[in-house]
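Structure record follows, encoded as structure tokens.
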Amino acid sequence: MSSPVSSAAADLIARSNRLGADPKNTNYAGGNTSAKGTETDPVTGEPVELLWVKGSGGDLGTLSEKGLAVLRLDRMRALVDVYPGVDREDEMVAAFDYCLHGKGGAAPSIDTAMHGLVDAAHVDHLHPDSGIAIATAADGEALTKEIFGEQVVWVPWRRPGFQLGLDIAEIKRQNPQAVGCILGGHGITAWGDTSAESERNSLWMIDTAAAYIAEHSKAKPFGPSLDGYAALPADERRAKAAALAATVRGIASQDRPMVGHFTDSEVVLDFLAHAEHPRLAELGTSCPDHFLRTKVKPLVLDLPASASIEESIARLEELAVSYREDYQGYYDRNATPDSPAIRGADPLIVLVPGVGMFSYGKDKQTARVAGEFYVNAINVMRGAEGLSSYAPIDEAEKFRIEYWALEEAKLQRMPKPKPLATRIALVTGAAGGIGKATAKKLAAEGACVVIADLDLERAEAAAAAISDELGGGTDVAVGVAADVSDEAAVKAMVDATVLAFGGLDLVVNNAGLSLSKSLLETTEADWDLQHDVMAKGSFLVSKAAAKVLIEQGMGGDIVYISSKNSLFAGPNNIAYSATKADQAHQVRLLAAELGEHGVKVNGVNPDGVVQGSGIFAGGWGAQRAAVYGVEEKDLGKFYAQRTILKREVLPEHVANAVFVLCGPEMTHTTGLHVPVDAGVAAAFLR
Ligand SMILES: NC(=O)c1ccc[n+]([C@@H]2O[C@H](COP(=O)([O-])OP(=O)(O)OC[C@H]3O[C@@H](n4cnc5c(N)ncnc54)[C@H](O)[C@@H]3O)[C@@H](O)[C@H]2O)c1
Ligand SMILES: [Zn+2]
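Residues 1 to 686, numbered by the numbering used here, are exactly what the sequence shown covers, in order.
Below is the structure:
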């Protein structure tokens with residue numbers, strides 16, 4: 001029997017969801033909230049005071065009961081007596097586990113002390129842009145007084161932990177009139193006797209700070225406009241971003257492969273269009289949440305919007321070298337013998353004036369959120385510069401957070417990445433059949449996938465079906481329209497891929513159709529259509545994709561869904577089988593040509609895939625079934641009987657072969673065709 005959620009916890013969840021739903025209140029997954037209340041102890045039958053607090057990880061907007069840690073308040077507060085002092089405060093995090101009430105729920109976070117020790121029934125700790133602007137202003141303490149009077153107290157920067165909890169508890173004791181505090185360099189904490197009061201106080205602090213900034217900010221917080229740095233028109237921005245994406249991803253992936261996100265939001269373009277952006281970007285972000293995801297500072301291209309692609313690439317490559325040296329210097333200056341090893345020196349945020357921002361992470365969601373956090377940081381800088389000057393926490397403190405043993409432990413606890421994690425796949429003709437099954441398999445194994453097909457609606461529907469099944473929305477799969485026989489459409493498709501996920505690693509040439517006619521029946525138009533979609537289409541796709549793969553410098557895979565018919569000679573198939581043979585030879589030619597770039601090129605030869613195949617559904621299956629005297633629904637089984645293994649071939653079997661060819665095990669195989677036909681001796685490779 002599960003006990004009903006306590007009313008204090010229910011109020012807490014509802015309040016957290018409301019606060020987390022509005023990005024002005026806190027960044028994604030940032031901040032934490034708590035409630036204290038009394039329940040009956042199931043062991044003694046006596047009342048027991050409990051603390052419900054958002055656990056480690058998780059987002060306030062979607063917080064539910066399982067995201068809460070539940071602690072016994074008496075035990076949590078008793079930790080004050082064994083607290084060994086600020087130098088050993090990290091030990092207290094492990095001690096929280098000995099305060100837990102019942103099992104399940106989330107792990108208590110580092111901020112648990114602040115929530116438990118402050119003497120208020122409800123506490124909110126948030127990272128609002130407006131609040132952090134005050135928290136990072138050089139005269140933040142004076143501004144806090146000026147804006148909030150005695151109601152809000154300034155707390156100088158201190159790394160989150162047990163001592164910060166003790167400090168804030170003491171502040172509340174000494175300032176009974178206060179409703180919250182500004183945490184220097186970091187964010188805000190507010191409290192109340194009821195859930196409603198805590199929420200009111202949080203919102204009041206956030207809105208009051210924002211209103212004050214709006215009213216008192218200087219006109220141009222980022223300085224005068226910079227000549228030549230204004231945003232390019234939208235289509236030029238996207239074209240330039242697409243042309244730079246592969247190079248920038250290569251720069252961001254020198255230590256480990258990254259997925260990318262691109263945004264050309266107003267906030268970013270405005271920041272880059274004004275004179276102070278280089279100085280501010282160099283100062284770096286301040287809120288711990290921000291720089292853990294964005295690195296201490298971004299890489300900023302120091303060329304105007306009009307710079308050519310060639311100039312931009314050349315300069316980005318120089319800047320990447322100095323960025324890495326600079327980051328290594330930061331590590332070397334601050335690391336102690338017990339610091340964790342350097343986690344890679346590549347930028348996570350790359351800013352391109354006039355164009356926008358690329359952000360990177362181990363998966364699409366992480367990359368997107370890193371970008372969101374840099375937008376938060378820009379808002380913070382604008383607010384702080386508008387009132388005063390922006391003064392983030394210093395480098396040594398940033399390092400202490402970034403290479404904190406507790407942070408390292410969190411990273412070590414992360415689940416092992418899936419085999420295709422960080423890989424960006426493009427599958428043509430993937431709205432149905434073999435292509436869709438392949439896209440789904442690649443996504444299930446961790447890849448980000450772009451589903452391209454003639455019809456946008458079908459492509460998007462396939463992407464949505466895969467995302468629904470795997471969870472993760474457009475972070476997993478997106479659909480684009482493209483006719484692979486049209487060079488401009490192919491370029492647009494590859495551009496859409498690199499803008500969606502930052503780059504491209506894995507291309508599946510799957511789009512196709514089958515007319516199956518005798519030589520005399522085959523018209524010139526039939527011949528051209530078959531060859532346009534398959535031979536020419538896969539040539540165009542491979543060509544556009546290879547440009548990206550080469551620029552990225554991260555290797556890659558191209559897989560052709562060729563056919564048994566590329567080898568097997570039978571009647572009534574001249575146009576289809578000839579173009580399949582063409583595709584099969586493209587595999588060998590490109591394997592030979594692209595190997596020096598680390599790009600493997602392989603093929604799969606399926607046969608008799610009836611289920612789910614549009615080729616068979618479009619009347620051809622019915623016709624074949626009639627020829628063989630079986631019902632159309634039994635055609636797959638009929639084909640199975642003609643194979644050596646007597647097994648029906650499904651789209652999933654072809655998909656599995658694609659995965660194996662480009663997965664982590666087949667690292668030394670290129671120029672190969674894998675038959676997936678349940679055994680057809682006439683199509684054995686020789
Ligand atoms: N089904 C089989 O038994 C079999 C056997 C051997 C090879 N193949 C090959 O597998 C591939 C997939 O076939 P399927 O059986 O899944 O068929 P399918 O018809 O279900 O899928 C082919 C997809 O390609 C798309 N397409 C067609 N022309 C296009 C173009 N110009 N641009 C972009 N997309 C286009 C179609 O809209 C369709 O969604 C094809 O290349 C086919 O030749 C299939
Ligand atoms: Zn915080």
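Positions of the beta carbon are idealized from the N, C-alpha and C atoms, including for glycine.
- Residues of the same chain with a CB within less than 6 Å of the CB of residue 582, apart from the 5 flanking positions on each side, are 535 in chain order.
- Annotation for residue 74: 49 place their beta carbon closer than 7 Å to its own, counting only its chain and skipping 5 residues before and after.
- Secondary structure note for residue 600: its beta strand (DSSP E) is the uninterrupted segment 599-606.
- Note: residue 49 is bridge-paired with 38 in the DSSP secondary-structure output.
- The shortest CA-to-CA distance from residue 562 to any of 602, 251 and 452 is the one to 602.
- With a cut-off of 8 Å on Cβ pairs, the segment 574-591 is in contact with the segment 519-526, counting three or more such pairs.
- Checking the 7 Å criterion, the Cβ of residue 574 is out of range of every heavy atom belonging to ligand 1.
- According to the DSSP assignment, residue 675 belongs to the beta strand (DSSP E) that extends over 673-676.
- Non-local C-beta neighbours of residue 531 in its own chain, meaning closer than 6 Å and more than five positions away in sequence, comprise 579, ordered along the chain.
- In the three-state DSSP reduction, residue 72 falls in the strand class (E or B).
- Sorting 587, 435, 566 and 500 by C-alpha distance to the C-alpha of residue 543 places 587 at the top.
- Residue range 651-662 is occupied by the alpha helix (DSSP H) that includes residue 662.
- The residues 480, in chain order, have a CB closer than 6 Å to that of residue 496 in the same chain once the five nearest residues on each side in sequence are set aside.
- For residue 508, the number of other beta carbons within 10 angstroms of its own is at least 16, and it is reported as buried.
- When Cβ pairs closer than 8 Å are counted between the two stretches, the segment 407-420 is seen not to touch the segment 143-156, the count staying below three.
- In this structure, residue 643 has its CB at a distance of at least 7 Å from all heavy atoms of ligand 1.
- Residue 500 has its alpha-carbon roughly 24 Å from the corresponding atom of residue 345.
- Note that the C-beta distance between residue 619 and residue 635 is not below 8 Å.
- Going by DSSP, residue 587 is part of the alpha helix (DSSP H) stretching over 574-594.
- Shortest gap from the CB of residue 59 to any heavy atom of ligand 2: 7 Å or more.
- Looking at the DSSP output, residue 448 shares a beta bridge with 424.
- By the Cβ rule, the segment 308-316 does not count as touching the segment 382-395, because fewer than three pairs are nearer than 8 Å.
- At a Cβ-Cβ threshold of 8 Å, residue 61 and residue 27 do not count as neighbours.
- In this structure, residue 354 sits away from residue 405, with a CB-CB distance that is not shorter than 8 Å.
- Exposed is the label assigned to residue 216, since fewer than 16 other Cβ atoms lie within 10 Å of its Cβ.
- Where residue 186 is concerned, there is no enclosing alpha helix (DSSP H), because DSSP gives it neither an H nor an E.
- 8 Å or more divides the Cβ of residue 6 from the Cβ of residue 31.
- Runs of the alpha helix (DSSP H) spanning 4 or more residues and lying entirely within the segment 451-530 occur at 456-470, 487-501 and 524-530, in chain order.
- The three-state secondary structure of residue 536, taken from DSSP, is helix.
- Buried is the label assigned to residue 89, since at least 16 other Cβ atoms lie within 10 Å of its Cβ.
- Annotation: residue 541 to residue 490 spans about 6 Å, alpha carbon to alpha carbon.
- The three-state reading of DSSP puts residue 99 in helix, counting H, G and I together.
- As a beta-bridge residue in DSSP terms, residue 274 pairs with 225.
- Residue burial annotation: residue 235 is exposed, with fewer than 16 other C-beta atoms found within 10 angstroms of its C-beta.
- Approximately 17 Å separates the beta-carbon atoms of residue 438 and residue 610; this is outside 8 Å, ruling out the contact.
- The alpha-carbon of residue 193 is positioned some 42 Å away from that of residue 261.
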